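Protein chains in written order, with my numbering: chain P, -12 to 232; chain C, 80 to 132; chain B, 2 to 251.
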Amino acid sequence: MNWTWFHRLGSPPHIYRLAQQLTPWFAWPAAALILTALYGGLVLAPPDYQQGDGFRIIYMHAPAAWMSLMVYTTMAVAAAVALIWRMKVAHAVAASCAPIGASFTFAALVTGSLWGEPMWGTWWEWDPRLTSELILLFLYLGYMGLRGAIEDPQRADRTSAVLAVVGIVNVPIIHYSVTWWNSLHQAPSVMRLGKPQLSLPMLWPLLVMLLGFTLYFVAVLLVRLRGEILLRERSASWIREVVGT
Amino acid sequence: MREFFDMGGYAAFLWPSYAVTLGVAVINVIWARRSLARAMAAARRRLAAGADS
Amino acid sequence: MDEAGNSALPSGAAPVVGGATVWADAASVLDAARLVLERDLQLAMRRRGQLVQPLAFFAIVTTLFPLAISPELARLREVAAGVLWVAALLASLLALEFLFRDDAYDGTLEQYALSGQPLTGLMFAKTAAHWLLTGVPLALMAPLAALSLGAPAGSLPGIVASVAVGTVALSLIGSIGAALTLGIRRSGVLLALLTLPLSLPVLIFGARASELAIRGESYLAPLELLAALAVLGITLAPLACAAAVRISLE
Chain P
-12 MNWTWFHRLG SPPHIYRLAQ QLTPWFAWPA AALILTALYG GLVLAPPDYQ
38 QGDGFRIIYM HAPAAWMSLM VYTTMAVAAA VALIWRMKVA HAVAASCAPI
88 GASFTFAALV TGSLWGEPMW GTWWEWDPRL TSELILLFLY LGYMGLRGAI
138 EDPQRADRTS AVLAVVGIVN VPIIHYSVTW WNSLHQAPSV MRLGKPQLSL
188 PMLWPLLVML LGFTLYFVAV LLVRLRGEIL LRERSASWIR EVVGT
Chain C
80 MREFFDMGGY AAFLWPSYAV TLGVAVINVI WARRSLARAM AAARRRLAAG
130 ADS
Chain B
2 MDEAGNSALP SGAAPVVGGA TVWADAASVL DAARLVLERD LQLAMRRRGQ
52 LVQPLAFFAI VTTLFPLAIS PELARLREVA AGVLWVAALL ASLLALEFLF
102 RDDAYDGTLE QYALSGQPLT GLMFAKTAAH WLLTGVPLAL MAPLAALSLG
152 APAGSLPGIV ASVAVGTVAL SLIGSIGAAL TLGIRRSGVL LALLTLPLSL
202 PVLIFGARAS ELAIRGESYL APLELLAALA VLGITLAPLA CAAAVRISLE
């Protein structure tokens, strides 16, 4: 098997140009998909039998939660690749992920709370999914805090990479233990963060929204990645072309 | 149209949810572009300093 | 450096354990690990004041809750397991600061890394020493705290067991955070921010086991889950810890 393509992925100038070229191919379809899903979810989909129009929050909450997990996974995989193959570009990918993931985790918590109030009657319940999201936010903040606390950029990269890998091993454990804990104390009247029965007209906008946000993530990642690569590149020649003087 | 904005009485929860999530999405785009611009400016400064020395 | 390869250590650090033997000369990683363990225990015994601090902290935190909630034992009994475990978790966190600090300061950590012995094994030994010096005393103190919070005498074996097993996992998880924050100035809060989320499963299962013990029910299930976490920690944590130590020594 010819592994040149993989090793070329480690070449910063190559990745930089690739990122620049690919961004619009992800950004525009993402926008189109999200707008389509918005129309489908807000206008076309019928109200839910139990939750009425309130269920439409799912079209924002589910993608936010999906983003928070997907981005963390990407970050951890990039970190692992960076540690194993010593690729600076992979470190740049991991660094790019953190702010995106943290902000969407925040959005997932806010939308979860807003969804919960009309459903549960309180602004917060220690629902297993929301509690896991909160812990995920702490994991992101810890990662970003660790990065910020170490001055040497290479050491910051590698230390936070270890943390990211340790974190991803923990995510399923944390999720399992929180679900276990919650099930012990489940009062029968408390409704879990509502899973409305999704018929097809309600389901397709959700799937389109998830896909749209995934493409959106790649687009934003590619933009951040370029900046992170520039920060890690000392050799002048290829930067000069790209950045202008 | 009025009914649409009312969202069956859930408007106070639904629209802020959309605002927050879409807002985070927009902010991330702006934030990413800003950080790229800053990195490019820093690179330009480094190159200028290097070229002059 | 003298013939045995020891750099001149500042006073207050232990002379090399077992005469001139250095970890690099140890016949196997087990011997080296044993030397590291003995060294850490001996050093700690010289500074007994430091050993007591996490325990005193545990006692103080446990006292905070009745003062903040109510002196009624019936009410306290309901939250006893949780209070106990939060206090133990925080005390264990406090004790982590001492895990690497002195060794990093006097260069011993570098010697470990350069010794040619698997750093993973040596880190496991250090963590084991940490548990013996922190976790075991906490497990022995926990019954007292539990009684003061209204727990019945029959619950004490279960409480000791859960804290003893849980602190194994806490020491292991904590060693990762301590290694990651090596050399960062004033890293106490950051260490807590990193370690606490990773420790939450231990807290959940440990508190549940203690709760069941207090209620007089079987606490075997959460205890087994705690043991599983400890085993997982033993397998994986020293690896991550060693990787983090190497990175910080570069």
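All C-beta atoms, glycine included, are put in the ideal place defined by N, C-alpha and C.
Every value quoted in this text rests on a predicted model; they were computed, and no experiment measured them.
1) Cutting at 7 Å between CB atoms, please list the residues of its own chain near Val177/P, excluding the five before and the five after it.
2) If you follow the alpha helix (DSSP H) that Phe200/P is part of, which residue opens it and which one closes it?
3) What span of residues does the alpha helix (DSSP H) with Gln54/B cover, start to end?
4) In the DSSP assignment, what residue or residues form a beta bridge with Asp35/P?
5) Nearest to Gly159/B by alpha carbon, out of Leu233/B, Cys242/B, Phe206/B?
6) Distance check for Phe125/B and Leu237/B, CA to CA, integer angstroms please.
7) Would Val97/P be called buried (16 or more neighbouring beta carbons within 10 Å of its own) or exposed?
8) Assign Arg81/C to buried or exposed, taking buried as 16 or more other Cβ atoms, counted over all protein chains shown, within 10 Å of its Cβ.
9) Out of Ile21/P, Gln8/P, Gly41/P, Gly28/P, which one is the CA nearest neighbour of Asp85/C?
10) When the Cβ atoms of the stretch 99 to 119 of chain C are set against those of the stretch 200 to 213 of chain P, are three or more pairs found closer than 8 Å?
11) Straight-line CA distance for Leu194/B to Ile160/P?
12) Interface residues of chain P around Ser249/B at Cβ under 8 Å?
13) I think Pro(-1)/P touches Glu220/P, with their Cβ atoms under 8 Å apart; what is that distance to the nearest whole Å?
14) What is the DSSP secondary structure of Tyr220/B, reduced to helix, strand or coil?
15) Out of Ala152/B, Ser163/B, Tyr106/B, Ala162/B, which one is the CA nearest neighbour of Arg186/B?
16) Which two residues bound the contiguous alpha helix (DSSP H) that contains Met142/B?
17) By Cβ distance below 8 Å, which residues in the same chain neighbour Phe13/P in space, the five residues on each side in sequence not counted?
18) Nearest chain B C-beta to Gly132/P closer than 8 Å, yes or no?
19) When the cut-off is 8 Å and only beta carbons count, does Trp102/P lie next to chain C?
20) Kindly say whether Pro95/C, judged by its beta-carbon, lies nearer than 8 Å to any beta-carbon of chain P.
21) Under a CB-based cut-off of 8 Å, is Pro0/P close to chain C?
22) Could you pull out every residue in the same chain whose Cβ sits closer than 6 Å to the Cβ of Leu197/P, ignoring the five residues on either side in sequence?
23) Taking Cβ to Cβ, would you say Pro144/B is nearer than 8 Å to Val161/B?
24) What span of residues does the alpha helix (DSSP H) with Arg78/B cover, start to end?
25) Any contact between the stretch 130 to 149 of chain P and the stretch 185 to 197 of chain P? By contact I mean 3 or more CB pairs, one from each, below 8 Å.
26) The stretch 201 to 216 of chain B: which residues have C-beta closer than 8 Å to a C-beta of chain P, in chain order?
27) Does DSSP put Phe138/P in a helix, a strand or coil?
28) I'd like to know whether the C-beta of Ala136/P is nearer than 8 Å to at least one C-beta of chain B.
29) Compute the Euclidean distance between the alpha carbons of Arg35/B and Ala45/B, then round it to the nearest angstrom.
30) Could you tell me whether any Cβ in chain P is nearer than 8 Å to the Cβ of Thr22/B?
31) Does the beta carbon of Ile235/B sit closer than 8 Å to a beta carbon anywhere in chain A?
32) Under a Cβ-count criterion, where at least 16 other Cβ atoms within 10 Å of its own Cβ denotes burial, should Gly(-9)/P be classed as buried or exposed?
33) By the 9 Å beta-carbon criterion, what residues does the stretch 113 to 125 of chain B contribute toward chain P?
34) Along the alpha helix (DSSP H) that carries Trp107/P, what are the first and last residues, could you check?
35) Using a Cβ-Cβ cut-off of 6 Å (strictly less than) and excluding sequence neighbours within five positions of Glu218/B, which residues of its own chain qualify?
Judging by the given coordinates:
1) In this prediction, Val177/P has a pLDDT of 45, which is less than 50 and means its spatial position is unreliable; nothing more can be read from the coordinates.
2) 187 to 219
3) 49 to 69
4) Gly39/P
5) Phe206/B
6) 10 Å
7) buried
8) exposed
9) Gly41/P
10) yes
11) 18 Å
12) Arg142, Thr146
13) 6 Å
14) coil
15) Tyr106/B
16) 137 to 149
17) Leu202, Tyr203, Val205, Ala206, Leu209
18) yes
19) yes
20) yes
21) no
22) Pro50, Trp53
23) yes
24) 74 to 107
25) no
26) Leu201, Pro202, Ile205, Phe206, Arg209
27) In the sequence as presented, Phe is not what sits at residue 138/P; that position holds Glu. Of the three classes helix, strand and coil, the one that applies to Glu138/P here is coil, per DSSP.
28) yes
29) 15 Å
30) Because Thr22/B carries a pLDDT of 44, less than 50, the predicted location of this residue cannot be relied on, and the following value inherits that uncertainty. False, the Cβ-Cβ gap to chain P never drops below 8 Å.
31) Looking at the structure shown, chain A is missing, and the protein chains on hand are P, C and B.
32) The residue asked about is misnamed: residue -9/P is Thr in this sequence, not Gly. Exposed, by the Cβ-count rule.
33) none
34) 75 to 107
35) none
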